Each structure stands twice: as structure tokens, then as C-alpha cells.
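Numbering (our numbering), first residue to last: -10 to 258.
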């Protein structure tokens, strides 16, 4: 347990995965031997010259191994391996509360539903400081909570990077849903990277042209010129006001398209 805690605290996810996979193999080996011995017919006792103790199970409980392994693969952004880890769980462990709590966390990431990921974390029992936990399981839940918080940090960082690449302006409420933070925390987190707040939207800073080492500048004739004199049509994000208007139009269009799709679905039913 101490080694697991050390690996989680250090953030060394690859080493954590390797260690957990070793524990899984130890568990499967010991379980297969015990199952084989239990299936043997009784025999008359006979003197033995050597005594071989049966293989022992790893110190960490099997359900904890699979729960941590799934979370670790998610933190490593390797969702196929996380899915495979869940599929390897023996049927006898499937009803364990810890594994049942981890499954929807993985599911929200697998289906790329980031807002649902944060909603799932908010209702995850082992993350609640007021949750009533069996004292015998408190250390296991604490390890799972520690690794889940690390996962939350990595998901937030990846999402923030994607927002910076995909948006010139985004509604504050949408950023709140995507980053799992309060309005003030979102504004503060993005302000560190140059985002500004205006009329309920967060405005991305002007970016340089990728791979050129210079910034684009808008000229009076509506074109964008870079340091090498390359020209092109000015983007819609030339001013904060224009960015907000364009993004607001997109948001309205998406909401109307969703409403039309919902009506069409009801008519089909």
C-alpha cells in the first residue's frame, strides 16, 4: 500500500501502471492455484517430505487493483487499455462498490462527455469528505480518491488546451461545464493565459501564426498580413466584439438544431 501511495503522490503514472499490472498477475496466479486445489477430490493423508505453502494473494485487494489500474490508464490518456482493464475484472468482483464507482468515470471519458465527467465526480461516494466508509476500506478509498484527483487535474489540463485551440470566444457557462470549476475559478484560470471576460463570454488572446514565430496583424483592407508579407482574409476573431457575436450566433444555431432534432425524434416515436 505504501508503494502505491508513493507512486500516486509522485504522479509517476507509467510506473504505477507497471506495478498494478504486476499485482494483477500475482492475483490471477494465486487465484488459479487456489481454484485448482479446491477442485481436487479428497485424498487420504500421506506423509510428506516437503511442505510447499500455497501462493499468497497480493497485499492490495483485487478490486482495488482493477479500480486503480482503470483510473491510471485514464490519467495516462490510454482509454482502450482502461476499457480492457474493466473487461478483465472477474465476475465475482463486479459488484464491488469501488469498481461500480469507477465505471461511470471511465464511461464519461470514453464517450468524450467531459461535463458528465465532472458531474460524475461530484456524486462519487469515495470522493465525498462526509461519506460513511467502512474503516477496513478507508485506506483503499483514500488511494482511489487520491488518484481520481490526479486524473481530474489531467483532464482539466487537456480540456483547457483544447479550448485554447478550438475557441476564440466561449460562453462562461460552457467553460464552467467543460473545466469543472466555478465562474470565478474559470475566469481566473484562463486569465493566466491571456483570456479576457466580456458580456458573459471569455475571449481568447490573439495567437501567432503556427510554426512561423510571428504574430498576424489585421490591415485596413480586411486582410491579415504576417511578418513575411503573406496575406489572407481576415478571420472573424479580429475584434473581441466580433468574436462574441460570431460565437453567440453559433451557440444559437446549435441550440435550434438540437431543438429541431428533438422534435423530429418525438415525431418518429
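Think of the CB as a built atom: it goes at the ideal place given N, C-alpha and C, for glycine as much as any other residue. If you're wondering where the values come from, they're calculated on a predicted model, not measured in any experiment.
Bridge partner(s) assigned by DSSP for residue i
i, result
"residue 191", "159, 186"
DSSP state of residue i mapped onto helix, strand, coil
i, result
"residue 133", "helix"
"residue 11", "helix"
"residue 153", "helix"
"residue 77", "coil"
"residue 225", "Here the model assigns residue 225 a pLDDT of 37, short of 50, so the residue's position is not dependable, and the following value carries that caveat. If DSSP states are grouped into helix, strand and coil, residue 225 belongs with coil."
"residue 68", "helix"
"residue 89", "helix"
"residue 117", "coil"
"residue 55", "helix"
"residue 96", "helix"
"residue 141", "helix"
"residue 166", "helix"
"residue 171", "coil"
"residue 50", "coil"
"residue 181", "coil"
"residue 83", "coil"
"residue 128", "helix"
"residue 214", "The pLDDT assigned to residue 214 is 35, lower than 50, so where the model puts this residue is not dependable; a value taken from the coordinates is nonetheless given after this. Reduced to three states, the DSSP call for residue 214 is strand."
"residue 1", "coil"
"residue 101", "coil"
"residue 112", "coil"
Buried versus exposed, by CB contacts within 10 Å (16 or more), residue i
i, result
"residue -10", "exposed"
"residue 52", "buried"
"residue 203", "Since pLDDT at residue 203 reaches only 32, below the 50 mark, its modelled position is unreliable, and the value read off the structure follows with that caveat. Exposed, because fewer than 16 other Cβ atoms sit within 10 Å of the Cβ of residue 203."
"residue 8", "buried"
"residue 6", "buried"
"residue 241", "exposed"
"residue 103", "buried"
"residue 150", "exposed"
Whole-number beta carbon distance between residue j and residue i, since they are thought to touch under 8 Å
i, j, result
"residue 183", "residue 145", "The Cβ separation is near 18 Å, so there is no contact."
"residue -6", "residue 132", "6 Å"
"residue 78", "residue 13", "Not really, about 10 Å apart at Cβ, beyond 8 Å."
"residue 129", "residue 70", "Not confirmed; about 22 Å, so no contact."
"residue 193", "residue 156", "6 Å"
Below-8 Å beta-carbon distance, residue i vs any chain C residue
i, result
"residue 165", "Among the chains in the structure shown there is no chain C, since it carries only a single protein chain."
Given 8 Å as the limit, is there contact between the stretch 73 to 83 and the stretch 101 to 121, that is, 3 or more CB pairs closer than that? Taking one beta carbon from each stretch, the stretch 73 to 83 and the stretch 101 to 121 have fewer than 3 pairs nearer than 8 Å; the two do not touch.
Across the stretch 67 to 79 and the stretch 87 to 98, are there enough close Cβ pairs to call them in contact, namely three or more that are closer than 8 Å? With the rule of 3 Cβ pairs closer than 8 Å, the stretch 67 to 79 counts as touching the stretch 87 to 98.
Take every Cβ of the stretch 59 to 69, pair it with every Cβ of the stretch 0 to 15, and state whether three or more of those distances are shorter than 8 Å. With the cut-off at 8 Å, the stretch 59 to 69 and the stretch 0 to 15 touch.
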